[in-house]
Amino acid sequence: MNKETENLRKEIVRISGVNPVKCMRCGKCSATCPAYDEMEYHPHQFVYMVESGDIEPLLNSKSLYQCLTCFACVDRCPRGVEPAKLVEAVRLAAVRKQGANHLKADDIPALLDEDLPQQAIVSAFRKYSK
Amino acid sequence: MRKCSIQALDTVFETIAEAAVLYLPVDGDNGASYKKWEKGTVMSNALNTVRSPKDFFFPQSENLMEFRTSGKTIEVIDKREEKEDFVVFGVRACDVKSFDILDRVFLNEPCDSYYADRREHGTIVSMACTRPVETCFCQTFGIDASNPAGDLSCWKTETDVYFQANTEKGEKLLAAIAGVTEESDDTAVKAQQEKTREIMKKLPLADLTTEGFGAGKTAELFNAPEWKELSQSCLGCGTCTFVCPTCQCYDIKDFKTGKGVIRFRCWDSCMYSDFTKMAHGNPRLSQLERFRQRFMHKLVYYPENNDGVYSCVGCGRCLAKCPISMNIVKVMRTIGGKADE
Amino acid sequence: MQVKGEYKPLIVAFCCNWCSYAGADLAGNNRLNYPDNVKIIKVPCSCRVNPMFVLRAFQRGADGVILCGCHPGDCHYTSGNYYTRRRMALLFSMLNYLGIEKERTRVEWVSAAEGAKFAATMNEFTEAVAALGENKRLEDLRCKK
Amino acid sequence: MQKVTGELLINKALELLDNGTVNRVLGWKRGEFAYDMTPAVFADAEELKNNFVFNDFCGANFSKYLIAETRKEGKVLVFLKPCDSYSFNQLLTEHRFDREKVYAVGIPCEGMVDISKVKKAAGDGILDIVCENDGLVVKTLYDTDKVIDCKEVLAERCVSCKSRKCVAYDELLGENGDVLDSSRFDEVEKLEKMTEDERYAFWQNELSRCIRCNACRDVCPACTCEKCVFDNPDSGVENKAVSDSFEEKMFHIIRAFHVAGRCTDCGECSRVCPQHIPLHLLNRKFIKDINEFYGDYQAGAEVGSRAPLVNYTVDDLEPSEAVQKGDADNA
Amino acid sequence: MQRIGVFVCWCGSNIAGTVDVQAVSEALKNEPGVVFSTNYQYMCSQAGQDIIKNAIKEHKLTGMVVCSCSPRMHEATFRKTAAAAGLNSYMVEIANIREQCSWVHKDMQIGTEKAIILGKAAIAKVNLNAPLVPGESPVTKRALVIGGGIAGIQTALDIAEAGFPVDIVETKPTIGGKMAQLDKTFPTLDCAACILTPKMVDVAQNENIRIFSYSEVTEVKGFVGNFDVKIKKKARYVKEDVCTGCGLCTEKCPQKKVPNEFNLGMDNRRAIYIPFAQAVPKVATIDPNACNMLKNGKCGVCAKVCAAGAIDYKQQDEIIEEKYGAIVAATGFNPISMDKFDEYAYNQSKDVITSLEFERLTNAAGPSAGKLIRPSDGKHPHTIVFVQCVGSRCAACAEKGKEYCSKICCMYTAKHAMLTRDKYPDTEVYVFYIDVRTPGKNFDEFYRRAVEEYGVHYIKGMVGKVAPEGDKLMVQASDLLANKQLHIAADLVVLAAAIEPDKSARPLATMLTASMDTNDFFTEAHPKLRPVESPTAGIFLSGACQGPKDIPETVSQASAAAAKVIGLLCKDKLTGNPCVAHSNELMCNGCSSCERVCPYGAITYIDKEFRMPDRTTRVRRVASVNPAVCQGCGACTVACPSGAMDLNGFASKQIMAEVDAICK
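For the protein sequence lines, the chains are A, L, E, F and X, in the order given. Read in the working numbering, the first sequence has 225 at position 80, and its numbers run on one by one without any break. Read in the working numbering, the second sequence has 289 at position 250, and its numbers run on one by one without any break. Read in the working numbering, the third sequence has 88 at position 81, and its numbers run on one by one without any break. Read in the working numbering, the fourth sequence has 449 at position 169, and its numbers run on one by one without any break. Read in the working numbering, the fifth sequence has 513 at position 94, and its numbers run on one by one without any break.
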């Protein structure tokens, strides 16, 4: 693992607060995942790839945005690994890496929609703005 | 009588310190204590030091001798330290009086040479009180706070300091500082004394007397039922005895250093359960007995053996320091009051 | 290793009978050198070491005190070293709080198989204590000279 | 400033004496001055009416007296301030007295006043102190009367009070308070942040004043040994005087260590020290370390709890980690 | 003052090569108490020992120091030498000047100096030594086995075979335990009942064995060799000695709707019941919570039909007091509750069952008479999914599962899968596993047979969700090797539930003062070297109460525990280690600190009357150490703030004397 990857891995581990080494590779996260079929990298792979520093493919994967953050994997994992939190951390890393301001405050009023939950706006703003 | 200005006091100290080690009370965060004078040291105006100046003559712990063995021989080494002359400055009337009480114990035959050595090398400069506090009751024992004894007596007014030698040592010291002092009359001193005596009359303990105590009262007081109540909350700590200027009990103990044995003595307290423990055990088994011992000693036994002199000087330290606020005044009020009835 | 006249710190090592004392024996069996100023006192279990013994050693002139016991979980008496761990954690933290150099005290787990670790630990500990110089902060002047 | 008055306590005591619940009362007895109350046992109603006092100077913790009191005939009434109630429980945990022989009345406490602070604020020669609302009116020999805010002269332990909750009682007078979010470890933290040399200098200065009067030990409700190791010639560590600076440290380290995990932080040790040595900073260091290393533990909060030093978990931290953790200077 | 002899050994050149032995013996001559000092080539040799013996006699030695190799080598030798010459063995101290001196230092001067200091330390210690005599205590030659499963049965049989009386206490109405509920046993597939029930009969017929069924231990006092135990025999409302076990009452009882715990509630039993046909003792028991007669006095059918007149509605619980020399804990295990595993729909569907329920379903004596059917509709299941590690290896949530591996599930799941395929070849069987763990004789071969010969689908992955849909169970799982998510419509889902110690173990451990780990398994005295003993002397461990175990392992541990018990009961007297703690009652204040740190439960408290110096008496609570139980670790000596507790042979003063001597 080169230094940059190692730093990125550490950063993701730090942000997520997840210790991927605790994974015993049972696959219950993937077994439980409702978005499994939409993903090219499945939750258990996600954990393993972060652990082994193979993060670049994750950053560019569609899977990253297929996770519904339903936390089923977090709830079911027998080892308390919390894969969804890792996904979220990699998302943040992707956003930060791009370094762009995807969502400006001024844009928001235009996006508002009665059916859109308030929480989604706030969380989107938090995620996609700098 | 000689005097110097308050400003010149530092020069006086400097002069004294040239010939002897000078100790004086210095303020600290937690009350005043005696410190060695160095240039710039400021003397405390506090009424009293936390620990009494008896430490100078009777320190809490003192090495007496050392034994060393090699093979079958034992070598005895005198651990007495070479004493240099020293001056204790600013001792209050009550504490000055305490030295008389200690002298009667230590200097009588058989004379305690360790104590005597220190007494010989020490000169006491007293300081008259001007602001006694509520815990003061020296007048109960006939002490005049405004007219302290000592080798050299001092009075400090707002502008000047007055000196009066009482002993040969005092004369010598006064002579030594003659260059920085001048002759003076005692008008200012008399005025100050008058004022102080007036204040003394207003103190809450001004009415406390030794009536009912003294020589010959043992039988009457020993079995007084009040001792039980008085002593029941006593913790049995040594605070009162260790802050007391007149308590003079000590224990002699051996300490194995690994190279030999150091024999030392240290203060002991009659409040401790193992005080005067002998081969058969302890003569005073309950805290009541130990408590009674302390006050009977101060107020009855000591005067009995020492021409009616009480071994309390009314400095008030134990009143201020007892963890449970039990003290000689409460004892005197309770038991002495009873003798009146 | 030791030049005569050079400052030699005195180290007292309390070793439990079952693991660490045997570890020290193994260091001997394997002829692994460690400084001669390390002196071992055998105790049945590290939990026999009273904080008073540690202070006593410093009083009497030790410059460093080390406790060696079985690894946690391996105690011959099942739980002794767990108590040691708590007691010494608190004691050493307190000594440090009082400004006494923390490098002077240590607890090390040494199994009966770890002769090499025993020797290495003693070498390293002695060096660390030597770097501090003589114990001045917990000394008893009466025991010096 | 206290919410319960002496009168209320006297009436409660009289009632319990009268109905035979107890045959004597442990209380504070009026002294020579306004501030020198002595713990006393009252068996007589008249005596109680005349001399029982409760005010801002009644700091003494009565729980330790129960060891001796419960050996006597009949039941004793004790008033427990919140601090005292923790000691009470701790003593029960250690089987030090028979609970059946005590009738405990919990009383609220608004904090006790440190007389030395009053003297500093009002000047020498205190003739009288009257508690009025939240202030003290102090009459002195040399100055005009002064009104002092009680909060300004609270004892250190009350400034950083850990709990106003009585945790043991048969009956409660007034309202029970809560466990407080106390700042009691601030001082300890300050010391931890100092360098090793500064800490050493600090403690050298403090402990060198010790006169080994044993008041801290003798007042401590956790120090209830039949014979203290420092008094016992057979213990090998007996010492009577501080003959060397080592012995000061030895005494205070071991004293604090022996009560570690059992000390309820009642603060009596610091209150009684004639030399004003901040002994609570030693006890609190142990308490803080215990909380940080092994999880929060309050001795005396409940009867029968297992003290941290007679307990362990398999993954406790190592002494080296502990020293590192307890040393802010190195953190 | 002691009269000490010092004996410096050269150990050939082992010591003498780096230590000037002559200088050492000379230097130690002047130490306090030393009256004789010499050196010799090999102190451990006969000639060396003779030197010691002669010196002891000639110089009337009261103590001796041998400066030699490690005490681990020859302390025992020199103690025997001393004893042979009439000197108490515990007056001997060894200064280790070989392993900890001559072998680790190269310089003669340094080695000599250190050897002298080590010698001085040993002398300082001996000066404070006191003769010690090991204590003796008698042994009650009767053993108690708590738990009547295969572990308890095996232990009891072995002890009884050796000729010692044994009592088995079992909380259920019959012995047999979990094994009685099983169908077949791996890896040989013999029928559990066929191998267990003969052993149960042996127990019943063995004259040395008494069975207290439907009973529990309520109090244990005493110590190794001398336990006083109270056993509560619960009222079963049937006279055990009269009942013939004919079973007529269990057929006639009108109360038919009591869930049958033996079949895990999958069918019902009567209010009066015999758990199963081969029960031992074969005696009926009335369930007081279900019996109408006991609840409201309206019935009495069983009493009417019982020809033997064994029914006794007035029966009371009975307390039996007995003395034992040794106690064996064999409390066994239970599967954990599946309540928290919502994802597997255990509480939603009757067709999601645990493996133990599966055992009953396939057992010929079970609720379906051995026919594998779906509990919901009685139909034959065509697709069965087995899920392994349900609650095992679960570190995430202590309430949900257990962090440890339950050890037996891999094998019994392979067994279930294989038996299913064998009997019903039309059934598809899937096993989801994280790892397959088969370390045991013929175990892996067994598992491979399930895969290779029986066509069981082993899939590496976990089931994430089971959802009942119509009469199917939709199983969503991952296949990690294929990197696919699978969806299987199953008829039956079998959960390999983790196992945990029986709930009765924790209170029992408290009574026995035996230690437990955080999972409530009993702790062994040493994890490797004393695996069947509790740290508490006289308490032994048998079976799954010590950790998850399969039957062969349980039986071997049971026999090992029995061997240890027999070894103990063979002795007429127990000789203790005299280096034990003792409390100075005059100083003890009874605070309980020492009791709390004692790993052996050797400390108890007594109220004792003391004469005070002022001639009054006072009753005080003080600690009392049982020397037969104490192992001498010394934890209590430091827990004791007053120093009332001290350790023989390692007294505080002795250790401090060593410290002083070293730091001189």
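Built from N, CA and C at the ideal position, the CB exists for glycine as well.
Under DSSP, L:C43 shares a beta bridge with L:V200. Following the DSSP letters along the chain, one finds L:Q232 inside the alpha helix (DSSP H) bounded by residues T226 to K241. Against chain L, the beta carbon of X:P1060 has no neighbour under 8 Å; the closest one sits roughly 17 Å away. When DSSP states are grouped into helix, strand and coil, L:A85 belongs to the coil group. The beta carbon of E:S86 sits closer than 9 Å to some beta carbon of chain X.
Take the alpha-carbon of F:C446 and the one of X:Q674: they are about 55 Å apart. The Cβ of L:N147 sits no closer than 9 Å to any Cβ of chain F.
Boundaries around E:G122 are those of the alpha helix (DSSP H), G122 to L139, since no beta strand (DSSP E) includes it.
For X:L537, the residues of chain E that pass the 9 Å Cβ criterion are K46 and I47, in the order they occur in the chain. When secondary structure is reduced to three states using DSSP, X:A514 falls in the strand class. Closer than 9 Å to the CB of E:C150 there is at least one CB belonging to chain L. In the structure shown, X:S1071 falls within a helical segment according to DSSP collapsed to helix, strand and coil. Identification of chain F residues near X:S1012 by a Cβ-Cβ cut-off of 9 Å yields E374, R542, A587, L589 and V590, ordered along the chain. By the C-beta density criterion, A:R241 is exposed, having fewer than 16 other C-beta atoms within 10 angstroms. Listed in chain order, the non-local C-beta contacts of E:M95 below 7 Å within the same chain comprise L74 and V114, local neighbours out to five positions each way being set aside.
DSSP places L:C193 in the strand class (E or B) of the three-state scheme. Taking a 10 Å sphere around the C-beta of X:P694, we find 16 or more other C-beta atoms and assign the residue as buried. Beta-bridge annotation (DSSP): F:A320 is paired with F:G307.
Residue contact check for E:G68 against chain L: a CB pair falls below 9 Å.
Considering only beta carbons, the part of the region 277-308 of chain L lying closer than 8 Å to chain E consists of F294, T296, G297, K298 and I301, in chain order. Distance from the CA of X:Y509 to the CA of X:A549, rounded to the nearest whole angstrom, comes to 7 Å. Within the region 764-842 of chain X, the runs of beta strand (DSSP E) at least 3 residues long that lie entirely inside it are, in chain order, 771-773 and 802-809.
Close to chain X, meaning a Cβ-Cβ distance shorter than 7 Å, are the following residues of the region 513-534 of chain F: S515 and G516. Considering only X:G431, X:E871 and X:H906, the residue with the shortest C-alpha distance to X:Q460 is X:G431.
Under the Cβ criterion (8 Å, minimum of three pairs), the region 531-545 of chain X does not count as touching the region 464-477 of chain X. Rounded to the nearest whole angstrom, the CA to CA distance from E:N142 to E:L17 is 9 Å.
For the region 344-372 of chain F, there are no residues whose beta carbon sits under 9 Å from a beta carbon of chain E.
For the C-beta of X:L1066, the chain E residues within less than 8 Å are, from N- to C-terminus, P51 and R55. L:N366 and L:C273 have their C-alpha atoms some 10 Å from each other. Contact note: X:M881 reaches chain A through C171, G172, K173 and A176, using a C-beta cutoff of 7 Å and chain order. Look at A:V192: its C-beta is not under 9 Å from any C-beta on chain X. The region 558-573 of chain X and the region 613-626 of chain X touch, with three or more beta-carbon pairs separated by less than 8 Å. Out of A:S197, A:G198, A:S206 and A:E201, the CA that lies nearest to the CA of A:H187 is found in A:S206.
Against chain L, the CB of F:M392 has no partner CB under 9 Å away; the residue lies outside that interface.
By the Cβ-count criterion, X:I738 is exposed, with fewer than 16 other Cβ atoms from all chains shown falling within 10 Å of its own Cβ. With a beta-carbon spacing of about 7 Å, X:Q1050 and X:N996 fall inside the 8 Å limit used to define contacts.
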